[in-house]
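Using my numbering, you'd call the opening residue of the sequence shown number 26 and step up by one each time.
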Amino acid sequence: DAVGDTSAVEHRASSVEHAEGAIDQADLFFRAGEYDKALLLYQQQLASVSEAEEGGRLLFHIGQCLTGMKKYPEAAAAFDNLVVKFPTSTWADDALLRKGSLQAGLMKNPQDGIAAWQELIRKYPKSDLAPEARFLDGMVDWINGQKSRAKDTWRILIHDFPKHPRSAQAQQYMEGKRP
């Protein structure tokens, strides 16, 4: 029945427009620092997503909202959830970098942060974020007095990414110059 087919297509188009509007609204709430409102909308949209890229984006923003709400363990779990559910999403490496930064910094658990960055490097070695993860891994060791381990990590960074700005920064640390 052509009328039924048209009605189904119109309903799907209306649902897509509604979802896009809700995500736009969530993004506005997020930018305004109204993380609780943004979180609710992102979570509602996530329930109906099957596409990896959009699911990854929503889970990343859920993690960011939870971070803004100072719910750090829940934020780290959201980033983990993203990597497990949507490992092919372009947001997966971002989630691991963010999770590592959250753990090493605000959660004061540097070893978990390093583990997240090493997971990023292992799972996404071609990621644009791999040099950043490698640098941060070394920086945590450097700050914690593990200068030899930091230098080993940074030598790998410099070897693998010689033209990356973080390689130059690592080289300056190793030479005793503060960048």
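Cβ atoms here follow ideal geometry from the backbone N, Cα and C, with glycine treated the same way.
Remember, predicted model here, so these are calculated numbers, not experimental data.
A120 and G80 have their C-alpha atoms spaced approximately 12 Å apart. Per DSSP, the unbroken alpha helix (DSSP H) holding N106 starts and ends at Y97 to K110.
C-alpha of S152 to C-alpha of Q69: approximately 30 Å in a straight line. Pairing A155 with I146 gives a Cβ-Cβ distance under 8 Å. Around the beta carbon of R159, a 10 Å sphere encloses 16 or more other beta carbons of the protein chains shown; the residue is thus reported as buried. Taking K62 as the centre and dropping the five residues before and after it, the same chain places the C-beta of F54 closer than 6 Å to its C-beta, in chain order.
When only Cα atoms are considered, P187 and L65 end up about 43 Å apart. DSSP, read as helix, strand or coil, puts D153 in coil. Counting along the chain, R191 sits inside the alpha helix (DSSP H) bounded by residues P190 to M199. Excluding five sequence positions before and after R174, the CB atoms of its chain that fall closer than 7 Å to its own CB belong to D166, given in chain order.
At the C-beta level, A100 and Y149 stay beyond 8 Å of one another. Cα atoms of N169 and I181: separation of roughly 19 Å, rounded to the nearest angstrom.
Counting C-beta atoms within 10 angstroms of its own C-beta, D162 has 16 or more neighbours from the protein chains shown and is therefore classed as buried.
Restricting attention to S75, E45, E78 and L127, the CA atom closest to the CA of K96 is found in L127. Here DSSP, grouped into helix, strand and coil, assigns A57 to coil.
Non-local C-beta neighbours of D137 in its own chain, meaning closer than 7 Å and more than five positions away in sequence, comprise Q128, ordered along the chain. In the DSSP assignment, P135 falls within the unbroken alpha helix (DSSP H) covering P135 to K148.
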